[in-house]
Structures are given as C-alpha cells and as structure tokens.
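Numbering (our numbering), first residue to last: 2 to 300. What follows is one structure encoded as structure tokens, with my remarks underneath.
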C-alpha cells in the first residue's frame, strides 16, 4: 500500500499546485499540509475528503489504496447504499405504523433519492460513529452487527422529512411538541456571542467562551412547568384527533409576469384533488392536459 504522503506529493506535482494553494482551497493550515507531505501524520477523514475534493481525486486512492485514481460520483454511491438499507428495513419487523408511513410516503416521489443520499450522509456524520463507519461501504459491511444504530439514523431521516413536509394531524402535533421543547431555557448558562479561539494545529484547538449565569432559577422552573403542561395537553390531543392521511392538492399558477415584484400576486387558477380520479395515470394525464390547454391559451 502506497503512503498518503507519496500520493499527495505526486498529485500536487502533476497538477502544479503549491502547498499554499492547497491550504487556501481546503482551509487546512499551511503547517498541517506540510506535515502531511512530510509524512509526520495522516489526516482524519474530514480533512482527507477536503483534500481529495480540492485535488479532484478518489479519497481511497489518495489514502494509498490500490483503487482507481479518478474521483467517483459520491452521491451515486450514497444512493445505492441507501437503497440497500431501505430494502432491508422496509421488510423488518421493528417498524411501527408511523415508521412505515414515513418510509412509504416518498417511495415514488422525486425526493426519494435525495432522502436516501442524505440518510447515508447523516449516518457517516454522527461523531461517535466516525471510527465505526469510515465509508458508505462500511455501513453495508457492518449492517449485521450494527443494525440497530444504522436503522435508527436511517429511519430518523425519513421521519424528519415526513414530519416536516406532510400535513397531517399527527405531524402537526409532533411539530408543535418539537417547537415547545426547543423553547425550554438553558438551565446552566447564557452565552455572549463572542468567543476566543486559539489554534496551534488541527490537533490542538482551544476555545474560550465568555459566559454568564445570572438567571433566576425560579424563573427557569416556572417556564419549564408552563411548557411541560402545554406539551402534556398537546400530547393528549392525539387521542382527540385521529391520525389523518395527507391529501395532496395541485395548484396551477400563472407565473408569466412582467415585473418580479408582482410575483407574490400570482393568482391561484385551479385547485386539483387527486382523490377525484380513478387512477394515478388518469390524474397525471389530466394535469398534463390542463397545463397544455392553459399554455396554449396564454402563450
């Protein structure tokens, strides 16, 4: 296996890029770049990715592995790994009704692939999993032994999208509870906006925050109690208002406006409910026809 420093020297020479230029394009300190080149130590995954992107080469090749040098389409890899996880989890017996709704809702939509990609990136970005999952392939390879944590973060991504984007009674309650939770005061400190950062190198960073703690504990308790009571009452609404299904409505707007300032005054022309059609194909055909007719009339 070739060393990282050897590969880095080679590609810098081939592309005629100086250490200073690489430092500027990656945001990595000049001294750290020099240490990498001299083989004093190797970068962590986040720094390796930054350097590989800046040099437009494959991360694994740059790390010294015997793989293709050309940079590969990362999103395509993430998406394919995501599809494998999706196919596994959708057949599992660990899902509740809400999980199944969230996973199925986006299956045939244009958002599906982007959610798959983001779900894998989310797993790779969890700090305490950084050493466990160094690459998307690690997620598949370690699925048998790390199924619970992989399923948790993968499913959480779909549930977050579903909760934020789909209008149902249940999601309104869950989003309201989330909003109230984040209103709860910090019991320990109130931060000033400024801080002092001293960086010796990428391995030693010291940050001094200026803090104060002059809040009334009784005030904190009173606000907490009010929010806790409100959250309890909102949770009780789940029994009063049954779960509802999302009903999509398509709106057709006339966006052929002369002045951009008039954009917000665009008039809603047609309101179309898909449940009025016998099939999805009939619904899509209708949309295409109505848009074509509208275009012919207004072109």
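Backbone N, C-alpha and C define an ideal beta-carbon position, used for all residues, glycine too. On a predicted model such as this, the values are computed, not experimentally measured, just so you know.
Enclosing alpha helix (DSSP H) for residue i [first to last residue]
i, result
"residue 278", "That residue, residue 278, is in no alpha helix (DSSP H); it is neither H nor E in DSSP."
"residue 137", "137-142"
"residue 118", "113-126"
"residue 29", "No alpha helix (DSSP H) holds residue 29; DSSP gives it neither H nor E."
"residue 229", "218-241"
"residue 12", "5-16"
"residue 104", "98-106"
Sequence-distant residues of the same chain with beta carbon closer than 6 Å to residue i, five excluded per side
i, result
"residue 120", "83, 155, 158"
"residue 43", "5"
"residue 182", "none"
"residue 89", "none"
Cβ-based neighbour list, residue i, same chain, cut-off 7 Å, excluding 5 preceding and 5 following
i, result
"residue 85", "141"
Cβ-based neighbour list, residue i, same chain, cut-off 8 Å, excluding 5 preceding and 5 following
i, result
"residue 21", "31"
"residue 76", "118"
Residue i versus the options, residue with shortest Cα-Cα distance
i, options, result
"residue 35", "19, 130, 163, 26", "19"
"residue 117", "104, 129, 128", "104"
"residue 151", "163, 160, 134, 165", "134"
"residue 114", "80, 243, 173, 170", "80"
"residue 185", "218, 225, 168", "225"
"residue 24", "3, 56, 94, 218", "56"
"residue 162", "130, 136, 288, 108", "108"
"residue 59", "136, 229, 221", "136"
"residue 13", "38, 286, 78, 289", "38"
Simplified DSSP state of residue i, which is helix, strand or coil
i, result
"residue 60", "helix"
"residue 71", "strand"
"residue 154", "helix"
"residue 129", "helix"
"residue 177", "helix"
"residue 38", "helix"
"residue 43", "coil"
"residue 19", "coil"
"residue 149", "helix"
Closer than 7 Å to chain D by CB, residue i
i, result
"residue 135", "Of the protein chains in the structure, only one exists, and it is not chain D."
Problem set entry | Touch test, the stretch 230-244 against the stretch 168-182, Cβ-Cβ under 8 Å, three pairs minimum | They touch, by the three-pair rule.
For this session: Say whether the stretch 9-19 touches the stretch 36-56, bearing in mind that this needs 3 or more beta-carbon pairs closer than 8 Å, one atom from each stretch.
Result: Short answer: they touch.
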